[in-house]
Structure formats: structure tokens, C-alpha cells
Amino acid sequence: APVSAQKVVLRVGHFPNVTHAQALVAHQLTRQGRGWFESRLGAEVVIQWFVYNAGPSAMEAIFARSLDLTYVGPNPALNAHIKSRGEEVRVIAGAARGGAALVVRGDGTIRAPADFRGRRIATPQLGNTQDVACRVWLAAQGFRVTQAGGDVQVVPAANPDHLALFQRGDIAAAWTVETWVSMLEEQAGGKVFVEERDAITTVLASSARFLRERRELARRFVMAHVELTAWLAQNPAEAQKLMQAELLAETRREMPADLLSGAWQRLRFTTDISRAELERLVADAQRVGFLPGKADVSRLVEVP
Amino acid sequence: MNELHRELVNVPPVKLTVENVSKTFHVRRQTVRALENVSLTVQEGEFVCLVGPSGCGKTTLLNIIAGLEQPDSGRVLADGVPVTGPGRDRMVMFQESALFPWLDVLGNVMFGLKLKPNLRHAERREVAKFYLQLVGLEKFVDANIHELSGGMKQRVALARSLAPNPSVLLMDEPFGALDALTREQLYGDIQRIWEKRRKTIVFVTHNVREAACLGDRVMLFSPRPGRIREEFRVELPRPRDINSVELAKHTAEITRALKQHLSSAAEVAE
Amino acid sequence: MNELHRELVNVPPVKLTVENVSKTFHVRRQTVRALENVSLTVQEGEFVCLVGPSGCGKTTLLNIIAGLEQPDSGRVLADGVPVTGPGRDRMVMFQESALFPWLDVLGNVMFGLKLKPNLRHAERREVAKFYLQLVGLEKFVDANIHELSGGMKQRVALARSLAPNPSVLLMDEPFGALDALTREQLYGDIQRIWEKRRKTIVFVTHNVREAACLGDRVMLFSPRPGRIREEFRVELPRPRDINSVELAKHTAEITRALKQHLSSAAEVAE
Amino acid sequence: MKRIAAVGGFFVVLILVWEALVRFGVWSPVLVPSPLSVVQYLVRAIADGSLGQAVLVTMRRLLLGYVVGVAAGLPLGLLNARFKFFQDTLGLIALGLQTLPSICWVPLALLWFGQTEAAMLFVVIMGTLWSVLIATDTGVRHVPPIYIRAARTMGSRRLHTWTRVILPASLPFVVSGMKQGWAFAWRSLMAAEVYVTILTGFGLGHLLHYGRELHAMDQVVAVMLVIIAIGLLADKALFSPWERFLHQRWGTAK
Amino acid sequence: MKRIAAVGGFFVVLILVWEALVRFGVWSPVLVPSPLSVVQYLVRAIADGSLGQAVLVTMRRLLLGYVVGVAAGLPLGLLNARFKFFQDTLGLIALGLQTLPSICWVPLALLWFGQTEAAMLFVVIMGTLWSVLIATDTGVRHVPPIYIRAARTMGSRRLHTWTRVILPASLPFVVSGMKQGWAFAWRSLMAAEVYVTILTGFGLGHLLHYGRELHAMDQVVAVMLVIIAIGLLADKALFSPWERFLHQRWGTAK
Ligand SMILES: Nc1ncnc2c1ncn2[C@@H]1O[C@H](COP(=O)(O)OP(=O)(O)OP(=O)(O)O)[C@@H](O)[C@H]1O
Ligand SMILES: Nc1ncnc2c1ncn2[C@@H]1O[C@H](COP(=O)(O)OP(=O)(O)OP(=O)(O)O)[C@@H](O)[C@H]1O
Ligand SMILES: [Mg+2]
Ligand SMILES: [Mg+2]
């Protein structure tokens, strides 16, 4: 729709994932003409939603100045922050925790961590939150893992492909995130082997420029986001319905309600964020070789 | 050495008989009568030249003698035996482009020899070198074809045709694309080689002087339909010089006849 | 029509003077003395032929006269004016390949005319067609170059050289790649055109008979270093027939001289 | 006539056998779509405009990028052929970048231009430019010097010689370079469309990609057919006229 | 000597200016990596073996698929040239599939073969096969009939004529078709590696893709350089000998 000169356009990104529940709900409400953010930010603000399927492309969009805010995993955000020497990206709020797990095949090939030697583990994407977590965990078990090989092969593959790979036995396990964790359990007999219930899964990130130039707007957006997060916790049924509609619109595939509610159990929606936690993630990423040795994250978290 | 020896001695030349040969081509509903009732006898060891303007069927006749094409009617006999297909006893030498560019000079001359059984590799090399020496190219054994001048190319082609030791040599305007100086040299060479190796030769050209210089007999062709119109016997001593005054007289005589036939053919056509 | 008329009348022929011209080529540390102190005078409207074996510097001399190359020393005068670069008063006709394949016949002949100002397009077409008619190709105005036979190509090249109405025509073995019959026709044509349009012509060839047939004078070149060795005046009536007996005599005389110079050159070299 | 019938028969039988194999379950429809379903998808996609839209988006990208690539490649190729220094520097770079599959530019293009048309154009240009540049350079080098001398004696100088002699004389090379550039551009655009989502328009590559995501093999095969058809048509429309001209004028083989 | 110095100087200055632009923040390091960081990445990736591993995986796929493609394309091309029926059916299919960017086969290949080497090989083969087939066909059609007649008079027949005359005579076409096939195969393999994850090995395309995912532009540019180097080397190793042979024997232009 054409936008008149006085209006402020806010460009917000997210993924079509349950872990981006706030965005899914708000996007759906925008579609229905009763926008959550619109109603709280004022009539002059227009929200444009953009759907990305992975963190890096959302971050690229921020680099390319075509996005102001986005829901994203913490690792892509801090990766982008560090690679741009702290110039481009900020984390302005938390969004979701938990929901990620290492799921192994139910056929009993993996009983102990040592059984992973020589096997393949799928992760959603190289360098994303689950991928780093997986590599860190493997390193803690004493395995050597590189980008292209190692004692255990970590295979970044698109989430939708995991199920088929898992069923065919091409991978022994997958370190992934809801709803795929539930899907692997229900449809492929997978068993959760490791679960990090408190790990940060989604954050709200902003372009540094947006924060600089429209700090007040950013602050009000975060407030609305906090409000929305609280609403989610109180209205899970309605939220799930809205999400289901939104996922159908974006992926053209029906998300089964039981899958959604199963995933919901493992997720915790909270806006807490602490620099210490993010610094630990940075250290993890450094340990697995995705970040250079010297990284300054003092400016990463900036709550407006 | 026995096989090799047999390769290098002269084979007895062969008598060719062309009996009432006709040939018609059909191209896109057009019919071209390339040859009509052509008869011709070439004696053993004779050098016969066919002269005529472009398109009169000289190449067609040569191809039929070679066995590369079949006549519609009539037949060709080599020493009384009907010709049914190409054979190593009748080698053809084409215009320039028939040498194989992917082989070097030796490879080209060896090509036909390799298809002869009961010769060892070393013997084949020796035969090939013998003929390359005969045409004066012993130093260019390893040269690539495109590096040779036009005249050298035709020398290689000549060596290639001679190498399988055929009794008949069929030459289709072999010097057509060469310049005058080179051609003069080759006239000398071909006469020398012919005297030495005694082949039956049918030589196609549309250069009357060339025909008079080389042939024992010159057969005059005229086109549409292709027919032999007249025959001239050239009885000058050999080797003949292309620039000699007597040759010029013969040439003038044949040219006159040629022009007359052409104009009468043109009249018929009108 | 005034401009057009001026285009089609004969321009007065020009006298060429070559004075002590020398030229050396340096290729990869080798030095080739292509021309050494060559002097030559060509009278207005004279037809001079340069004959000599390959590599004796004939093309080099022609290029220097054309202004396409500069001599190391000496100079060339056209009607007393020093030549400094190519000019439309001295047109060059090369061997076969110099016609432009991306233009049709008319386009090729028009190429030079388009570079002449103060002519209108229609006038240019008329001039081009006039010359195509002169060489007997009026029916092939729209033909593509590759569709022409070798002889027709050289006719187009001749028309292209004549079209800008130069006073000097420089011809570098224009018939070298043609067959004998075609060549004979062209000998007739070039003599006819020369008589009509009266140009000063320098004609390079290594065919002695050709030189004797066409030239008022024949200059004999010998190579390494390139020099004019001897000069023959041919005083036969025109048009001359390439097959005539008197011509054969002149040819034999020049050939003898040529062979002698070549062998003496060879001796010097040894 | 008989030949056409035989060939037609062959293709009809081929399609019938294929349909039968799918229908009787020898081939699973998830692995191979039936010809009928492919046709049905095509009809649907044409009717609802999604196919037309995608074709439009893809062709716009391709043609625009290609024109820019050729327009830049030609003069750069001429410069390369004319000046030693260009040849030693730009020529060397061109040689390297020509061997680089232009899909490799995608990450940088996305960063530099964002997920926009410009990124796609950049990839298409990189596919075209170097082939055209190198072909022009080679073509100019292969112009027989005698053409230039002939032109000079007729009074042609500098710019006239370049535009009226050297450029047309190198046309056979230039056209074949343009053809190669087209093939590379077409391939890289398809790859780029499949690989990245561009916010400003969905092309044929996206349709193909979505077909895969939705396990809609009929869509995948139908889009492949459309891509083939466009490739053949483009060849006919863009290069056949040039090649016919070359064939007529130069007498080069078709 | 002077020329080499000038060219060397040009490239040194180019790199220094680039480094300076990044270092002084004119170009952001997320958009353009500094030359130094590219070199550092290369050193690291060579040291930890990941680059060598990726090159190996990619080259294995490429060479294997290419060899299969050529081995199938040559005889099919000969059949095409020999039999009218093949030409009317297979020839037509080949013409269509040659214009299809072989990346379009990826969705089907993944379904048919899973995320395995076989899928990659299939894509490479589809890139090679049709070019080689069509070039062989064209080459055979362009063999001057006089070669065949000359061979026949010397006693060459059937198979001997095919292997010793027709095939070598069409070599210039075959080699250029093989070259085109190589270019297409190389491009499609890169695109496929970037686009899909294959469980059995990570190639250069994956490294490039990962570079993008990690916003590691030094990795992206370094992998691009490696891809260029491999492209140039492959050209040298695979085609230069043939082209030198053709150049020597045929006297065709280099
Ligand atoms: N394979 C063919 N198919 C159709 N027509 C042919 C074929 N070969 C020859 N002709 C026709 O037959 C006639 C005689 O051709 P041929 O090649 O024998 O002439 P020629 O005397 O050798 O001419 P040239 O001196 O030009 O070589 C010509 O009109 C030619 O067009
Ligand atoms: N551009 C050049 N660079 C180097 N050497 C040259 C050049 N042009 C001619 N030459 C040399 O100068 C000598 C004379 O050459 P030129 O072309 O004038 O001979 P020519 O008499 O025309 O020979 P031909 O009859 O073969 O045409 C030859 O030895 C040739 O190698
Ligand atoms: Mg003939
Ligand atoms: Mg010369």
C-alpha cells in the first residue's frame, strides 16, 4: 500500500517458526487489520513485515539498510555485530528461551555421547544458535569438529529436510528447535538426548542506525513487545490459533495443532536478556572457530 | 625384407575399360545427367588426361572408375574384372584438402599402408619414407599438414597415393589450386615418377596446357550431358616442358576444339 | 550530376618515382634486408610489372609506394610530390582476402566512395554500379562475397580499387590464387580497362608469362637483399593473348634471366 | 511426412508410457509426476497468472542485466585489444573472472545491494560481461590486418576504421561470445533465483524452488519445461537473426 | 621487463589501496574484506585442512561426473549423427536439455538420489552430457566427405573409418563441446553445492555458502579466489594440451 509522507515505516523481520511467536501473532494481527504494534505505536507508524528463512539473510538485510528490526537467533545477531566491528547490529530485547534439543534416532544406536563418533548430526544452519550449541557440546564430550569434517560430522541442513534425513537414517541425530523437535519425536520416533531449557532461542535485534535515529520509536516498540510477550503467556490457546493461521499464510502448509501445543510446552517466552549470557555465547562461538579471537561485545546489548 | 621388397617393386600396370557408363543425379526434383554413354579404354601404363569445363562430369567418371560411386548403367573393368567398390589397386588423388590434418606427413602416408596386412610396422615406415623421398619431402616426415605449402601438400598426397603401390592412379585436378611456378615443378616430378614406377594414370584437369604437357592422350569432355567429344594424341618426347613452343601449338589446337564444342553445346542449349 | 560526371571522367595518370629506397625488417633479432637502394621510374599511364621469386621484397616496395609503409631511406614521389601516407590517388588491390565479408558486393565497392565527401548517396551508387558494370558484375550487386568465385572476387576488388578514381593502381599478385581459365579472362579484362581508363599501373606477380602478357616493362627482382636486376621492354601489340607464340618467346627469355639471377644469388649465399 | 509421423509417434508413445508407469504405481508420483498432472499445473498456473508473472520477472532481470553486460563488455573488449596496459591488467582479471561461476557472486551481491533486483542484475552482468569482453578482444585480434590496410588505402582513419572495419570484422567472435555470455547469464540467474529469495519479485527459479519445498513435482517439471521453452525461444529470437546474417554474409557454417 | 614491472606495480597498488580503504573504514569489513584478512583465512584454512578437504570433494564430484558425461555424450553424439531416427528424437531432447540450466535438475536429483553424491553427479552429468553430445553430432556432420572418400580408397571400412577418420576429423568440434560442457558442469556444481547440503562431503560451494552464513567475507572472497584458481588450472590441465595439439596439427587459432 502506498505510504504518505508523514508516515513512518517500520520494517520488521522474522522467520516462519514457532520460536518467533511474538512476530507470528503480531503479523497475523496486522493481516487482520488489528495490528498489535500499530495500535500501540500510533497512527503514523506503518509496520512492514518481512519473512526470512534464516538468520544470516535477516542480518544481511540490516547491513543492506533494508530492515530496521528483526526477530532472530542470538548467534546470528552477535555474529553480525562482531563481524561489523560493532557498527551495525544491536540486541534490544529477549524473546524466547528453550525449545532446542538434541534428538537421536529411537533405534538405540546412540546410548552415550561417545556413540556419536563417526556419525552425522544435523543442525538448522551453520553458525546459528543450535549449530554452535551442538559444536560446543560435542567439544565438551572431547570430539574434534571443523567446518568441513572432524570426529563427528555436523551437517547444517534446512530444518524441513531433517525429518526425511532422520527417517532414512542418513543422520544419527539432529540438534534443532521447535517445532521440529516435536516433529522428530512424533513422526520419526526420535528421543530427546540433550535439552537446554534455558538457552536463549530468540532475541529482538535492531539496526544500530535505527536505534540511533529513532530511539524513542524503538523504545515504544520494545514496550509493546514486552506487553505482547506477557499476553502470550496468558493466552496460549488464542496465540496458537493466530500462529497457526500465520504459518499457513507464510508456508502454505497446515501446522497440526497438537504439534504446535507440544512445541509450546518446551518454549518459554521472556524478554529478559543479559550481557553476561550473550558473552558466554560469544565465547562458545569463539571456541568452535566461528568468531575471531578478539571480540568486543560491550555495545551489543542496548535496551532503549 | 621380403615383404618390403615386394612392396617396392613395380606392380604391372592395368588396363582400364569404361563401357557405356551413364550416371544421373537427382537433387531436389532437378535431374542432372552427369554422364551419358561414356566409353573409354586406357591401356596398361598409359597416361590419359580428361579435359573439360566445370561441371561436365569429369569427377563423376573418375569416382566411378575408383569405385566410389556406382554407374546407373554400363560398367568399368580393370584388367577385365568388373569394379564393384574402391580398392587399393586404384588410388585416387584429390584436390588439396584430402590430406588428414590430424596426422603428420608420415602419418598420412602410413594411413593406407596400415590397412595392408602382412607388413610389419618398421617396413611400413620404410615404404612411406621411400615414397616421401621420391617426391622430395624426406626432410618433412614429421611436419604438420598445415605447415606445408600447397605444392608440398600435393606432393604428400601423391606419396600417399603411391604408397600402397596401386597399379592405377586416378588424379582429380591435383594441381588446380597451385601457383604456376610450383605447378611447373610438379609437372616435371610427375613425369619422372611415372616413368620410374609405370602406372596407368587417368588425370583430370580443366587446364588444356597441363593436359597436353602430361598426357599420352587428351580426352575432351563437354557438359550436359557429360560426353567425350574428341580425342587428341600428344606425341612429344618426354620430359616435356610446359613452356615449350611445340606444346603451345598442341594447346592452341585443343583449346580451339574445346571452344567450338562449348559454343555448339551452348547453341543446343538455347 | 556535375560531381558524378567529374567522378567518372578519366583523371590524368601520374608519374611515379622511387628514389634509392631501402627497407630492413627486424624480427626477433633477425634482420631481413627487404629492399636495398631500389630506384624505379614509372611513366604516366605506363603498365609496369615486377617479377621475382617469393620473399624478394615486391610487396614491400608496393606498400611503400602505397604509403602503407615508410622506407628506411630514400623516397617515393607521385608527380613530384613526396608520398607520406596512403591516399585515394593510389589504390591497392591485394590478393583474394581483402574484400570485406560483412558487406555485399555493392557495399564493398561503396566503401571507398563513402569516404569521399561532396558526393550524394545516389551518385555513389551510380559510380559503384558503373564500375561493377565495367568488370562485368552488374548482375551481382547484392551478392555476398563468399558466394562469388575467386575470379568474381577479384573483379569486385578491381571495381573497388577503381571506384575512387585513382590515378595510380597498385596490384599485388591479384590473380595468384585463380585457376588458369579465369586468369586468362581477367588478362583480357584488365587490358581492356587499362586502355579505357588509362591508369598508371604497378603490377606484382611471380608468374613470368603473366608479367610479359600485361606489362609495357617487366622489372626483374632478386632477393636478399631485394634489388631490381634487369628490365625488359615488351613491345607486342595489345590486347595480347597469353597463349600466343611470340609471348612464349618473351617469357622464355625472361625466365632464363630469372633463373640465372637466382642461381648466381644462390652462389653468393653459399 | 513419414518421418514426421515416426517422430511424432515416438514422443506420443513416450508420454503415454510415462503416464501409465505413474498411474499404475510403478513410479511414485512424488518422484515423477504424471504428464497429465504437469499439464494440469501448467493450465492452472497460466490461468491464475502466477506463471506469467514469474516469467516476466525473470525475463526482465535477464534482459536488463544482459544488455548492460554486453554494453559494458564490448567497449572494454575493444580497449583491451587496443592498449597493452589494459590487456595486461583488465585482461588478466577478465580471464580469471570468466572462469568464476557467477553464482559465486551471490553472497557479495546480496551484501552490497541487499535482497533486491540490483543483486540479481549484478549476478547476470557478471555472467555476461567477461565472456563478451574476452570474445571482443579475441575477435579484434583475429581481424586480418589486410582488411585494415585495404580500408586505410581507401581513406578510412581511426574511429571510422574501428566502427566500420574492425568491429564488423570481429562480429563472428563477438556473436559467439555474446551467446556464451547469454548461456552463463541464464544459468546463473536460475541458480540465483533458486538459491535466494528476492523481495522484489518471484521469478521462475523461485517457482521451481517452491515446487521442491511443497514436494509438488508437477510444478517442478512444469517449470523446467517452461525454462526449456524460454531458453529455446530466446536462442531463436536473440541469436538466430545474427547467426543467419553471419551465415549469409560470411558463409560460415550454421 | 618494463612491462612486467608496470603490470606488477598496478596490481600491488590495487591491493594496497583496497587494504587502506578497508582499514580506514571507508569500506565496511562486512561488505568488503581486507586483502590481509583474506590471506589470513587462506593460511588458516589450508593449515587446518578444511580447504584441501573441500577442494578434494568438489574435484572428485566434478571429474567423476564429467568423465561419465563425456563417455556417454560421445557415443550418443555419434549415434545421433549416424541415424536419422536418433537425431529426430534424442537430438531434439538434447537440444532442449542443453538450454536447461542444470541447476534445475537439483530438486529431482535430490528426490531420486537423496542428499548424496549421486545427486551431485547427476547434476554434473546433465551439465556435460548434452553439450558433448551436440558438439560431437555437429562435428561429425562437418567432417569433409572427401576425408571419408580418401580413407575408403585406401581400404578403410566401417569401424575403422569411424575411429580413425570421422572421430579425429571432428576433434575440433568435440573439444570445444567438451570445453563448454566443462564450463556448464563447473558452474552447475558450484550452484548445487551452494544451494543444497550433501551429507557425504562438503565442497567449495559449501565453504562459500558458510562464509556467507557467518558473514565472513574473508572466507567468501578467499573461496572465490580458490575457485578461480581451480578453474584456470583445470583449463590449463584439461584443455590446453588438446588445444595445443589442435593448434599444432590443424593450425587453428589458439
Ligand atoms: N553428389 C552429387 N549430387 C548431385 N549432383 C552432382 C553430384 N556430383 C556431381 N553432380 C553434378 O553432376 C555434374 C558433373 O559433376 P562433376 O563434379 O563430375 O563435374 P566436373 O567435371 O568434375 O566439374 P569440376 O571441373 O567443376 O570439378 C555437375 O552438374 C554436378 O552438379
Ligand atoms: N612486416 C614484416 N615484418 C618482418 N619481415 C617482413 C615483413 N614484411 C616482409 N618481411 C620480409 O621481407 C622480405 C620481403 O617480403 P615481401 O613480402 O616484400 O616479399 P614478396 O616479394 O612480396 O614475396 P611473395 O612473392 O611471397 O609475396 C621477406 O623476407 C619477408 O620475410
Ligand atoms: Mg571435379
Ligand atoms: Mg608479396
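Protein chains in written order, with the numbering used here: chain G, 301 to 604; chain Y, 117 to 386; chain Z, 117 to 386; chain C, 32 to 285; chain D, 32 to 285.
In this text, a Cβ means the ideal position worked out from N, Cα and C, and glycines have one as well.
Predicted, not measured: the structure shown is a model, and the values here were computed from it.
Own chain partners of arginine 195(C) with C-beta closer than 7 Å, once the 5 adjacent residues on each side are dropped:
Ser187
Just list the beta strand (DSSP E) runs in the segment 198–230 of chain Z, keeping only unbroken ones of 3 residues or longer that don't cross its boundaries, in chain order.
206–209
For the segment 347–359 of chain G against the segment 557–574 of chain G, are there 3 or more C-beta pairs whose distance is under 8 Å?
no
Can you give me the C-alpha to C-alpha distance between leucine 310(G) and serine 201(C), rounded to a whole angstrom?
54 Å
Can you find at least 3 beta carbon pairs, one from the segment 363–377 of chain G and one from the segment 545–554 of chain G, that sit closer than 8 Å?
no
Using alpha carbons as the reference points, say which of Thr120(D), Leu220(D), Ile197(D) lies closest to alanine 150(D).
Leu220(D)
Using a beta-carbon distance below 8 Å, is lysine 285(D) in contact with chain Y?
With a pLDDT of 46 at lysine 285(D), under the threshold of 50, the modelled position of this residue cannot be trusted, and the question is left open.
According to DSSP, is lysine 139(Z) helix, strand or coil?
strand
Looking at chain C, is there any beta carbon in it that lies within less than 8 Å of the beta carbon of valine 208(Z)?
yes
Under 8 Å between beta-carbons, which chain D residues line up against leucine 393(Y)? List them in chain order, please.
Since the first residue of chain Y shown is 117 and the last is 386, residue 393(Y) is not available in this structure.
Please classify glycine 335(G) as buried or exposed, where buried requires at least 16 other C-beta atoms within 10 Å of its C-beta.
buried
Cut-off 7 Å between Cβ atoms - residues of its own chain near valine 389(G), not counting five sequence neighbours on either side
Met359, Ile362, Ala377, Ala380, His381, Ala505, Ser507, Ala508
Short CB-CB distance (under 8 Å) between alanine 382(Z) and chain Y:
With a pLDDT of 48 at alanine 382(Z), under the threshold of 50, the modelled position of that residue is not reliable, and the figure given next carries that caveat. No, alanine 382(Z) does not count as interfacial toward chain Y.
With the cut-off set at 8 Å, would you say glutamine 534(G) and leucine 560(G) are in Cβ contact?
no
In chain C, what lies closer than 8 Å to valine 251(D) by C-beta?
Pro138, Leu139
Can you tell me where the alpha helix (DSSP H) with aspartate 288(Z) in it begins and where it stops?
From DSSP, aspartate 288(Z) is part of no alpha helix (DSSP H) but of the beta strand (DSSP E) over 284–288.
Among Arg313(Y), Thr147(Y), Val320(Y), whose alpha-carbon lies nearest the alpha-carbon of threonine 176(Y)?
Val320(Y)
Mind pulling the chain D residues with CB within less than 7 Å of leucine 132(Y)?
Those do not exist, as leucine 132(Y) stays about 15 Å from chain D at its closest Cβ, beyond 7 Å.
Residues bridged to serine 506(G) [DSSP beta-bridge criterion]:
Leu369(G), Arg390(G)
Leucine 73(D) versus glycine 232(D): straight-line alpha-carbon distance, rounded:
20 Å
Beta-carbon separation (whole angstroms), proline 341(Y) vs proline 169(Y), contact threshold 8 Å:
Not confirmed; about 14 Å, so no contact.
Mind listing which residues have their beta carbon within less than 7 Å of any non-hydrogen atom of ligand 3? Chain order is fine.
Lys174(Y), Thr175(Y), Asp288(Y), Glu289(Y), Val320(Y)
Which same chain residues, not among the five before or five after threonine 157(Z), have their C-beta less than 8 Å away from its C-beta?
Lys131, Leu132, Thr133, Val134
At a CB-CB cut-off below 7 Å, which residues of chain G make contact with threonine 228(D)?
Val455, Pro456, Ala457
Go through its chain and collect everything with a Cβ distance to glutamate 383(Z)'s Cβ below 6 Å, but skip five positions before and after it.
With a pLDDT of 46 at glutamate 383(Z), under the threshold of 50, the predicted position of this residue should be treated as unreliable, though the coordinate-derived value follows. If we look at glutamate 383(Z) and ignore the five residues flanking it on each side, it has no Cβ neighbours.
What are the partner residues of threonine 192(D), as DSSP defines its beta bridges?
According to DSSP, threonine 192(D) bridges with nothing at all.
Residue span of the alpha helix (DSSP H) that contains lysine 245(Y), given as start and end
237–250
Distance, Cα to Cα, glutamate 386(Z) vs alanine 125(C)?
Legend: pLDDT at glutamate 386(Z) = 36, less than 50; position of this residue unreliable, value from coordinates given subsequently. The alpha-carbon atoms of glutamate 386(Z) and alanine 125(C) are separated by roughly 51 Å.
Put leucine 274(Y) into one of helix, strand or coil per three-state DSSP.
helix
Backbone secondary structure at valine 588(G) - three-state DSSP:
coil
Identify the continuous alpha helix (DSSP H) that holds cysteine 329(Y) and give its terminal residues.
324–330
Got a sec, what are the start and stop residues for the beta strand (DSSP E) leucine 166(Z) sits in?
163–167
Spell out whether any CB of chain G is found under 8 Å from the CB atom of phenylalanine 215(C).
no
Determine the chain Z residues that contact valine 361(Y) at a beta-carbon separation under 7 Å, and present them in chain order.
Val361, Ala364
Can you pull the chain D neighbours of methionine 221(C), defined as C-beta to C-beta under 7 Å?
Pro132, Ile134, Cys135
beta-carbon valine 257(Z) near ligand 2 non-hydrogen atom, thresh 7 Å
no
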